[in-house]
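Q:
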Ligand SMILES: Cc1cc2nc3c(=O)[nH]c(=O)nc-3n(C[C@H](O)[C@H](O)[C@H](O)COP(=O)(O)OP(=O)(O)OC[C@H]3O[C@@H](n4cnc5c(N)ncnc54)[C@H](O)[C@@H]3O)c2cc1C
Ligand SMILES: Nc1ncnc2c1ncn2[C@@H]1O[C@H](COP(=O)(O)O)[C@@H](O)[C@H]1O
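This is the structure:
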């Protein structure tokens, strides 16, 4: 049997969907017995949400004011204190999990497996390397705890149909004060969340300005889609960083992805490999994006995108 | 005045499209262009700017790997690093061991700030900085897009999924950098000549106090599932029809 601890990601009030995706991955480990750990300043609502996730046996909570913000140096020792009961500790491969889990691994004296995309045995996994240009089959030593992050784009969110028990834990470990949260600036919008949206419209360097990006937002709104961007568009300041899709941005798997004025560099493509249907609009018929697009249209975006928005409205 | 350590990993250049060897034993790196990991160039650029502002006294670049990594260290010296350390190992080392090697260098050199890339674009691990911070017992600020110092602490803005998070960390600390922190400088020819005279020390990984971690075995490699080229449509009307066909509009 595998006893798996999944570290919940949340924003202090609601659970991030990456948690239910990580549980989906954990549930594919043979004979998995899954607990979810919620660390927060106020765990109530988050724990209740976690208890609904299918396949979860127990939700463990550690409520303390130091857990108000996700600081790896504060959370890691609390996870380590609980880890003795587990054969695996998983977290999503989001910026939250990437920041935290290597600390957990190092404190436990093991190596970490990044970005599990497939479980092939209790200690055997597939993960992408070289911007997804190669997949490697790895095997972790069975006599050590497995510490891993899960590539959330590879897994659907587990259903919310459960009522697991909620157990409050007193981890009682000392945590350092050397790292202090100052602020979070986030471009809150009422559009769908990029990482979970079923439809995404992305714009690239070709948009040429923040103002021009407006045609991308309008198309997204007509489709009920989230908005993404290439690195070039983010670097140029047309849109904020949290919209970057790709190897070093967000890895997403929507049903529909529309790439507009994006050339299709490997670092961008690695972020959209798992999309259902990829549509590309680009004026250069040689653009590499067309090699992976299911539907391609060679045209000037400034005429085509408003026309498409009108046709879909 | 701070002493800064920067990690420079030698990796396959980001423009190369690597291929898995037909026997699945790894990826083909024969004759392929090698470069400094792009994030590490950004890390070094930041360290140099900190020194140029008078907030650091010395920038040391380190690469852990084969002797060929001297090339990348020489480039780092040409960019402006004061000296270089090559920690030699013929075989690739596991991430925990690499982090422990960094820790051992931090102790030897009394380092105040370690700046690394957020990830190496070969293994895409995104681990070393965090592991180092954990075993050193010092703060980490990962995915940095802005760094400001005041006294014995640093205010770091981090690129996180939700947007931009700012944290304050006491020094010594580990910072890992994201793409938008800065634009690395180009190396000029005279700098390459000057760099030849700068010190480049060589150590054997085996001589440093850094045990390997339990090995994660790389059993085999395979190419990713390829997406097929789809259809081309002639105009927006064709696109709308194709989307409707798939039930997507
Ligand atoms: C370490 C590293 C990590 C990276 N990580 C990422 C990442 O996570 N995500 C990412 O996206 N990139 C990433 N990149 C950058 C990547 O290599 C490319 O530079 C980037 O994706 C290019 O963005 P783009 O396609 O918008 O711009 P370009 O490559 O400049 O493409 C613009 C496209 O727009 C088309 N175009 C121009 N005008 C029009 C018009 N009027 N109508 C229609 N089409 C038009 C052009 O034909 C062209 O194909 C990374 C690079 C490195 C080195
Ligand atoms: N062999 C190495 N030599 C020097 N620096 C390294 C090495 N491996 C990793 N690093 C540093 O650690 C960062 C993160 O690497 P990784 O965790 O392997 O993705 C890199 O960007 C480098 O700055």
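Chains as they are written, first to last, in my numbering: chain A, 890 to 1202; chain B, 22 to 270.
A virtual CB, placed ideally from N, CA and C, is assigned to each residue, including glycine.
These figures come from a predicted structure and were not determined experimentally.
Quick one: grab the DSSP three-state call for residue 896/A.
A: The sequence position of residue 896/A within the first chain is 7, counting from 1. Correct three-state label for residue 896/A: strand.
Q: Taking any Cβ of chain A, which residues in the stretch 43–58 of chain B have a Cβ under 7 angstroms from it, in chain order?
A: 48
Q: Three or more beta-carbon pairs under 8 angstroms between the stretch 991–1009 of chain A and the stretch 931–950 of chain A, yes or no?
A: no
Q: Could you please tell me which residues of the stretch 148–167 of chain B, in chain order, have their CB closer than 9 angstroms to any CB of chain A?
A: 148, 149, 150, 151, 152, 153, 154, 155, 156, 158, 159, 160, 161, 162, 163, 164 and 166
Q: Assuming residue 60/B and residue 150/B are in contact, meaning their beta carbons sit under 8 angstroms apart, how far apart are those beta carbons, in whole angstroms?
A: Indexing the second chain from 1 puts residue 60/B at position 39. Indexing the second chain from 1 puts residue 150/B at position 129. Between residue 150/B and residue 60/B the Cβ distance is about 10 angstroms, and since that is not below 8 angstroms, they are no contact.
Q: With a Cβ-Cβ cutoff of 8 angstroms, do residue 148/B and residue 195/B count as a contact?
A: Counting from 1 along the second chain, the entry for residue 148/B is found at position 127. Counting from 1 along the second chain, the entry for residue 195/B is found at position 174. In this structure, residue 195/B does not lie closer than 8 angstroms to residue 148/B by Cβ.
Q: Does DSSP put residue 1036/A in a helix, in a strand, or in coil?
A: Position 147 of the first chain, counting from 1, holds the residue named residue 1036/A. Correct three-state label for residue 1036/A: strand.
Q: For residue 185/B, would you say it is in contact with chain A, using Cβ-to-Cβ distances shorter than 8 angstroms as the test?
A: Counting from one through the second chain, the residue named residue 185/B turns up at place 164. Yes - at least one Cβ of chain A is within 8 angstroms of the one on residue 185/B.
Q: Would residue 1003/A count as contacting chain B if we go by Cβ distances under 8 angstroms?
A: For the purposes of this step, residue 1003/A is taken as residue 114 along the first chain, with counting starting at 1. Chain B contact via Cβ: present.
Q: In this structure, what does DSSP give as the bridge partners for residue 104/B?
A: Against the second chain, residue 104/B aligns to sequence position 83. In the DSSP output, where bridge partners are listed per residue, residue 104/B has 81/B.
Q: What residues from the stretch 1018–1043 of chain A come within 7 angstroms of chain B, judged by C-beta to C-beta, listed N to C?
A: 1018, 1019, 1020, 1021, 1022, 1023, 1024, 1025, 1026, 1027, 1028, 1029, 1030 and 1033
Q: Please list, in chain order, the chain A residues whose beta carbon lies closer than 9 angstroms to that of residue 205/B.
A: Numbered from its first residue, the second chain carries residue 205/B at position 184. Ordered by position in chain A, no residue passes the 9 angstroms Cβ test against residue 205/B, which lies about 13 angstroms from the chain.
Q: By Cβ distance below 7 angstroms, which residues in the same chain neighbour residue 1121/A in space, the five residues on each side in sequence not counted?
A: Counting from 1 along the first chain, the entry for residue 1121/A is found at position 232. Around residue 1121/A: 1093 and 1094.
Q: Closer than 8 angstroms, CB to CB, is residue 102/B near chain A or not?
A: By one-based count along the second chain, residue 102/B stands at place 81. Not closer than 8 angstroms to any Cβ of chain A, the Cβ of residue 102/B fails to qualify, so no.
Q: Indicate the three-state DSSP secondary structure (helix, strand or coil) for residue 1044/A in the structure shown.
A: Taking the first chain and counting its residues from 1, the one referred to as residue 1044/A is at position 155. Coil at residue 1044/A, not helix or strand.
Q: Can you list, in chain order, the stretches of the beta strand (DSSP E) that have 3 or more residues and sit fully within the stretch 167–212 of chain B?
A: 174–181, 184–191 and 194–198
Q: Can you find a heavy atom of ligand 2 that lies under 7 angstroms from the Cβ of residue 115/B?
A: By 1-based counting over the second chain, the position of residue 115/B is 94. Checking the Cβ of residue 115/B against ligand 2 gives no.
Q: If you drop the 5 nearest sequence neighbours on each side, which residues of the same chain put their C-beta closer than 8 angstroms to that of residue 1070/A?
A: Within the first chain, numbered from 1, the residue matching residue 1070/A stands at position 181. Correct list, in chain order: 957, 958 and 960.
Q: Nearest by alpha-carbon distance to residue 46/B: which of 154/B, 166/B, 251/B and 244/B is it?
A: Taking the first residue of the second chain as position 1, residue 46/B is located at position 25. The shortest Cα separation from residue 46/B among 154/B, 166/B, 251/B and 244/B belongs to 244/B.
Q: Identify whether residue 1069/A lies in helix, strand or coil by the three-state DSSP scheme.
A: On the first chain, residue 1069/A is found 180 positions in, with the first residue counted as 1. Residue 1069/A falls in the strand class under three-state DSSP.
Q: List, in order along the chain, the chain B residues whose C-beta lies closer than 9 angstroms to that of residue 1191/A?
A: The residue you call residue 1191/A lines up with position 302 of the first chain. Chain B residues near residue 1191/A: none, gap ~12 angstroms exceeds 9 angstroms.
Q: Measuring from the CB of residue 1136/A, is there a heavy atom of ligand 2 at a distance below 7 angstroms?
A: Indexing the first chain from 1 puts residue 1136/A at position 247. Not under cutoff, so the answer is no.
Q: Does residue 1102/A come within less than 8 angstroms of chain B when only Cβ atoms are used?
A: Within the first chain, residue 1102/A is the residue found at index 213, counting from 1. With 8 angstroms as the cut-off, residue 1102/A does not count as an interface residue toward chain B.
Q: Which residues mark the beginning and the end of the alpha helix (DSSP H) in which residue 986/A is found?
A: If you number the first chain from 1, residue 986/A lands on position 97. Counting along the chain, the alpha helix (DSSP H) containing residue 986/A begins and ends at 984–997.
Q: Within the 8 angstroms Cβ cut-off, does residue 260/B reach chain A?
A: Position 239 of the second chain, counted from the start, is the residue given in the question as residue 260/B. Closer than 8 angstroms to some Cβ of chain A, the Cβ of residue 260/B qualifies, so yes.
Q: Find the residues of chain B that neighbour residue 1197/A, judging by a C-beta separation of less than 8 angstroms, and give them in chain order.
A: Looking up residue 1197/A in the first chain gives position 308. Going along chain B in sequence order, the residues near residue 1197/A (Cβ under 8 angstroms) are 257, 260 and 261.
Q: For residue 203/B, is the beta carbon positioned less than 7 angstroms from some heavy atom of ligand 1?
A: The count along the second chain starts at 1 and reaches residue 203/B at position 182. Residue 203/B Cβ: outside cutoff for every heavy atom of ligand 1.
Q: Within the same chain, show all residues whose beta-carbon is closer than 7 angstroms to that of residue 33/B, passing over the 5 residues directly before and after it, in chain order.
A: Position 12 of the second chain, counted from the first residue, corresponds to residue 33/B. Around residue 33/B: 39, 50, 53, 55 and 143.
Q: Counting Cβ pairs closer than 8 angstroms, one from the stretch 105–117 of chain B and one from the stretch 211–221 of chain B, do we hit at least three?
A: yes
Q: Determine which residues share a DSSP beta bridge with residue 941/A and list them.
A: As a working mapping, residue 941/A is identified with position 52 in the first chain. According to DSSP, which records beta bridges pairwise, residue 941/A is partnered with nothing at all.
Q: I want to verify the contact list: residues of chain B whose CB lies under 7 angstroms from the CB of residue 1069/A, in sequence order.
A: For this step, residue 1069/A is matched to residue 180 along the first chain. By Cβ distance, chain B contributes 188 and 189.
Q: Starting from the Cα of residue 252/B, find the closest Cα among 1022/A, 1199/A and 1187/A and give me that residue.
A: Residue mapping note: residue 252/B aligns to position 231 of the second chain, counting from 1. Out of 1022/A, 1199/A and 1187/A, 1187/A has the C-alpha closest to the C-alpha of residue 252/B.
Q: For residue 958/A, which three-state DSSP category applies?
A: For this step, residue 958/A is matched to residue 69 along the first chain. Residue state for residue 958/A is assigned as coil, using DSSP reduced to three classes.
Q: What does the Cβ neighbour count give for residue 134/B, buried or exposed, with the cut at 16 atoms within 10 Å?
A: Position 113 of the second chain, counted from the start, is the residue given in the question as residue 134/B. Per the 10 Å Cβ criterion, buried.
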